[in-house]
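Below is one structure, written out as structure tokens; the observations come after it.
The following block contains the structure:
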């Protein structure tokens with residue numbers, strides 16, 4: 128069993144892709160990539176995802192602080208909550224599994240839904256992560272992300288990565304800004320090369336290593 132405790136506060140610059148993709152109301156999907164990263168298994172041997180219960184607090188009217196839960200800043204926030212009783216879906220074959228569990232929450236602030244259904248981009252956004260990952264698969268976690276969703280033909284499925292929450296040296300070595308990595312991603316993964324690669328991975332890499340101790 129692999130037990131990972133993620134407890135940190137980070138700036139958006141340290142958790143975003145090379146080209147940031149904001150969330151929409153079609154998301155989020157929290158997904159975990161497990162097992163060896165290779166040309167044969169470019170995003171891992173298995174991928175599990177869980178959808179959270181969501182609490183959204185809109186910005187205070189006229190920026191008046193009303194103790195609404197937005198941290199006293201008036202900027203709004205969104206919180207994603209998990210309990211370890213929530214079932215995970217094994218994306219490889221679309222089956223429900225109890226081998227991967229999440230417990231805790233992720234809070235993003237400031238946060239605001241626009242009329243378009245997309246989230247407003249805040250350059251000063253802060254992400255507070257308080258999650259316990261319990262992994263019974265026997266495969267090591269290689270990457271853990273918040274994905275947006277994409278609506279097509281009135282159905283919603285996986286979209287691009289919006290936030291990186293956990294990473295490894297293996298992920299960073301395979302997906303980065305180098306020409307070799309970008310060409311590999313173009314040929315082997317369903318996401319754009321500048322989305323699957325993190326912009327500034329060093330801070331999250333340090334956080335992820337600390338969570339294993």
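In this note's numbering, the protein residues as written are 128 to 340. C-beta atoms are modelled at their ideal positions from N, C-alpha and C, and glycine is treated no differently. From a predicted model like this one, the values you see are computed outputs, not experimental measurements.
DSSP places residue 288 in no alpha helix (DSSP H) but in the uninterrupted beta strand (DSSP E) bounded by 282-293. Residue 330 places its beta carbon 8 Å or farther from that of residue 159. In the displayed model, residue 299 falls within a helix according to three-state DSSP. Rounded to the nearest whole angstrom, the CA to CA distance from residue 179 to residue 222 is 18 Å.
The residues 320, in chain order, have a CB closer than 8 Å to that of residue 313 in the same chain once the five nearest residues on each side in sequence are set aside. Here DSSP, grouped into helix, strand and coil, assigns residue 333 to helix. Counting along the chain, residue 129 sits inside the beta strand (DSSP E) bounded by residues 129-138. Runs of alpha helix (DSSP H) with 4 or more residues, each lying fully within the stretch 191-249, are absent. Selection 204, 214, 263 evaluated against residue 162 yields 263 as nearest (Cα-Cα). In the DSSP assignment, residue 311 falls within the alpha helix (DSSP H) that extends over 306-315.
Residue pairing by DSSP places residue 278 opposite 283 in a beta bridge. In the three-state reduction of the DSSP assignment, residue 168 falls in the coil class, being assigned neither a helical nor a strand state.
Beyond the five residues adjoining it in sequence on each side, residue 278 comes within less than 6 Å, by CB distance, of 153 in the same chain, given in chain order.
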